[in-house]
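J.: So for the sequence shown, our numbering puts the first residue at -12; every next one is plus one.
Glycine residues also receive a C-beta, built at the ideal position from the N, C-alpha and C atoms.
Here it is, the structure, as structure tokens.
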Amino acid sequence: MATAFPMPKLGLTMEAGTIIKWVVDDGAEVGVGEVLLRVETDKVETDIESSGAGRLHQVGVVGESYDCGAEIGWFLEPGEEPPAARTAPERDAPAVTNTPPATTAPAPVTVAPRTGGRLFASPNARRVAARLGVDLASVLGTGPGGRIVSQDVELAVTRPQPPAQGTASSALATLAARSLADDIGIDVSTVAASGTDPRVTRADVLAHVRNLLAQQVPSTRTTGTSSPAPIQTPDHVIPLTGMRGTIARRMSESLNTMAQLTLMVDVDMDRVVADRTRRRGDDVVPGYTDYVVMAVAAALREHPHVNSQVSDEGIAYLPDVHVGLAVALDDGLVVPAVRHTDQQSLVEIASDTTRLTTAAREGSLSLADIDGSTFSVTALGMFGVDGFTPVVNPPNTAILGVGRLRDDVDWADDGSPIKVSRLTLSLTWDHRAFDGAPAARFAQSIKANLESDKPFF
């Protein structure tokens, strides 16, 4: 019997994956553990192994995004047909016709919601539904395996009102066609039969839906919060897809949902500079950011309200400290996590950050590397930046920006100038989670940990 091959959930925060390419041909015999395809999540690209054995029937389309758990393929036994073939329409869907849509004024339609079962919808469809106020349970999916795509949502608010209950259309139509037309709120009498059979079939209804989508989508997409057209003809356009699209979406969500503020504090780094100079002959020489990461981890243990996440239930204090380190790439950035940072020595932190940074730039990070950070650190000091306003990385409630190490002047008790090494730390936090005074105390703890007379272990 056919076994479903779903889009796997590879991490706690993974919601969907986009198919980059199928490594194995459609119809090939595959075994458990064999790499079948490559998928892009919102953070990394990774190979997906087979969870079953048999003849592979591909459902997922390259370039399309699928929710975790959505069927992207089937494992079939010899001679077995895929489930899609067993539930196909009465005949092949006809070509899209020029049948004009009903002249009834468009009006929102309420369709009987699904009963039971999981609701499969693309991430973009969910975003469009939220923007347009459409209940996804009332939308009929026309994507692979009945998956709801964004065009289905757009049609749900533009399709004509169905006939009143109790009034049956006189059009000749199969039972399957009438059932489908009723489900999506279309008068079956507006659908043209396409074959030698004078009856309207289910395939005719689907073709009619596609025709409506083709006519309605352009006008629908001109409304809403679309960005203005370029004021000049661009030399090049970078699509907001993949990593770039994910960054754009997450940063917009971060600023739109959080009450973010930033404070800055200067830290004297003379003791850190001296300690790092002393270690220059060691196998592992920590970078200045490694010292900051260690100081942050200790401060998070002292101030558990910062190691938190805002959820529907309230402010969740997280028991484990996993400090994420932002790594810039050519096409964006990733934030791999140093696991259990507060339990690691300075040398262990330095080794971990070196490994994660190298893997990020080589594209070999695993989902385990980038999943579950509870606080983030980002550095722009290498670009000559002192202070800046980093944006909180959801679902964290705070992020620390690290500026450049610079020569500065302090004053001795007798009023004489003293040269010091100094850098600026920029703390952005979500005011929903904690207020300004606790944020300032947290920043002061980081400062104290870096300026302390205690040795760095």
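1. By Cβ distance, which residues of its chain are closer than 6 Å to residue 238, with the 5 residues on each side in sequence left out?
2. Leaving out five residues before and five after residue 273 in sequence, what residues of the same chain have Cβ atoms less than 6 Å from its Cβ?
3. Determine which residues share a DSSP beta bridge with residue 7 and list them.
4. Which one of 312, 45, 348 and 341 has the shortest CA to CA distance from residue 385?
5. Report the residue ranges of all alpha helix (DSSP H) runs contained in full by the region 298 to 349; include only those spanning at least 4 residues, in chain order.
6. Would you say residue 192 and residue 218 are within 9 Å of each other, going by their C-beta atoms?
7. By alpha-carbon positions, which one of 53, 69, 54 and 46 ends up nearest to residue 60?
8. For residue 240, collect the residues of the same chain with a Cβ closer than 7 Å to its Cβ; drop the 5 residues on either side in sequence, then sort them by chain order.
9. With distances taken Cα to Cα, identify the nearest neighbour of residue 405 among 411, 396 and 286.
10. Classify residue 259 as helix, strand or coil using the three-state DSSP reduction.
11. Hey, is residue 263's beta-carbon within less than 9 Å of any beta-carbon in chain C?
12. Using alpha carbons as the reference points, say which of 363, -9, 128 and 400 lies closest to residue 412.
13. Which residue from 175, 318 and 400 puts its Cα closest to that of residue 234?
14. From the DSSP secondary-structure annotation, give me the bridge partner or partners of residue 447.
15. Any chance the region 419 to 432 sits against the region 246 to 257, with 3 or more Cβ pairs inside 8 Å?
16. With residue 127 as the anchor, note down where its alpha helix (DSSP H) starts and where it stops.
17. Quick one: what does DSSP say residue 296 is sitting in, helix, strand or coil?
18. According to DSSP, what are the bridge partners of residue 32?
19. Roughly how many angstroms separate the alpha carbons of residue 415 and residue 351, rounded to a whole number?
20. Reducing DSSP to helix, strand and coil, say where residue -10 ends up.
21. At the level of alpha carbons, what is the spacing between residue 267 and residue 259?
22. Between residue 126 and residue 108, what straight-line distance do the alpha-carbon atoms span, to the nearest angstrom?
23. Just reading off the alpha helix (DSSP H) that residue 429 is part of, what are its end residues?
24. Which two residues bound the contiguous alpha helix (DSSP H) that contains residue 357?
25. Between which two residues does the alpha helix (DSSP H) holding residue 289 run?
26. Nearest-angstrom Cα distance between residue 17 and residue -12?
27. With a threshold of 8 Å on Cβ separation, who are the neighbours of residue 32 within its own chain once the five nearest residues in sequence on each side are excluded?
28. Residue 394: which of 402, 373 and 400 sits nearest, CA to CA?
T.: Put simply:
1. Here residue 238 corresponds to residue number 251 of the sequence shown, with the count starting at 1. Counting only Cβ-Cβ distances below 6 Å, and skipping sequence neighbours, we find 378.
2. By one-based count along the sequence shown, residue 273 stands at place 286. 333 and 337, listed in sequence order.
3. As a first step, residue 7 must be located in the sequence shown, where it is residue number 20. Beta-bridge pairing links residue 7 to no other residue.
4. Counted from its first residue, the sequence shown places residue 385 at position 398. Closest by alpha carbon: 312.
5. 333 to 349
6. Walking along the sequence shown from the start, residue 192 turns up at place 205. Walking along the sequence shown from the start, residue 218 turns up at place 231. Against a cut-off of 9 Å, the Cβ pair of residue 218 and residue 192 comes out as no contact.
7. For the purposes of this step, residue 60 is taken as residue 73 along the sequence shown, with counting starting at 1. It is 46 whose Cα lies nearest to the Cα of residue 60.
8. Residue numbering aside, residue 240 sits at position 253 when the sequence shown is read from its first letter. So the qualifying residues of the chain are 381.
9. Mapped onto the sequence shown, residue 405 falls at position 418. Closest option to residue 405, Cα to Cα, is 396.
10. Counted from its first residue, the sequence shown places residue 259 at position 272. Residue state, collapsed to three classes: helix.
11. The chain labelled as chain C is not found in the depicted structure, where only one protein chain is given.
12. Your numbering for residue 412 matches position 425 in the sequence shown. Measuring from the Cα of residue 412, the nearest candidate turns out to be 363.
13. As a position in the sequence shown, residue 234 is number 247, starting the count at 1. Considering only alpha carbons, the answer is 318.
14. Within the shown structure, residues of the chain are numbered from -12 to 444, placing residue 447 beyond reach of any answer.
15. yes
16. The count along the sequence shown starts at 1 and reaches residue 127 at position 140. Looking at the DSSP string, residue 127 is not in any alpha helix (DSSP H), and its letter there is neither H nor E.
17. On the sequence shown, position 309 is the one that residue 296 refers to. DSSP places residue 296 in strand when its eight states are reduced to three.
18. Here residue 32 refers to the residue found at position 45 when the sequence shown is read from its first residue. Answer is 27, bridged to residue 32.
19. On the sequence shown, residue 415 is found 428 positions in, with the first residue counted as 1. On the sequence shown, residue 351 is found 364 positions in, with the first residue counted as 1. Their Cα atoms are separated by approximately 30 Å.
20. The residue given as residue -10 occupies position 3 in the sequence shown. Three-state result, residue -10: strand.
21. As a first step, residue 267 must be located in the sequence shown, where it is residue number 280. As a first step, residue 259 must be located in the sequence shown, where it is residue number 272. Answer to the nearest angstrom: the Cα atoms are 13 Å apart.
22. In the sequence shown, the residue the question calls residue 126 occupies position 139. In the sequence shown, the residue the question calls residue 108 occupies position 121. Going by the C-alpha atoms only, they are around 10 Å apart.
23. Residue mapping note: residue 429 aligns to position 442 of the sequence shown, counting from 1. First-last of the alpha helix (DSSP H) with residue 429: 423 to 438.
24. Counting from 1 along the sequence shown, the entry for residue 357 is found at position 370. Here the alpha helix (DSSP H) through residue 357 covers 354 to 357.
25. On the sequence shown, residue 289 is found 302 positions in, with the first residue counted as 1. It spans 275 to 289 - the alpha helix (DSSP H) in which residue 289 sits, taken as one unbroken run.
26. Along the sequence shown, read from residue 1 onward, the residue named residue 17 stands at position 30. Along the sequence shown, read from residue 1 onward, the residue named residue -12 stands at position 1. Looking at the two C-alpha atoms, the distance is approximately 15 Å.
27. Here residue 32 is taken as the residue at index 45 of the sequence shown, counted from 1. 7, 25, 26 and 350, listed in sequence order.
28. The sequence position of residue 394 within the sequence shown is 407, counting from 1. The candidate whose alpha carbon is nearest that of residue 394 is 373.
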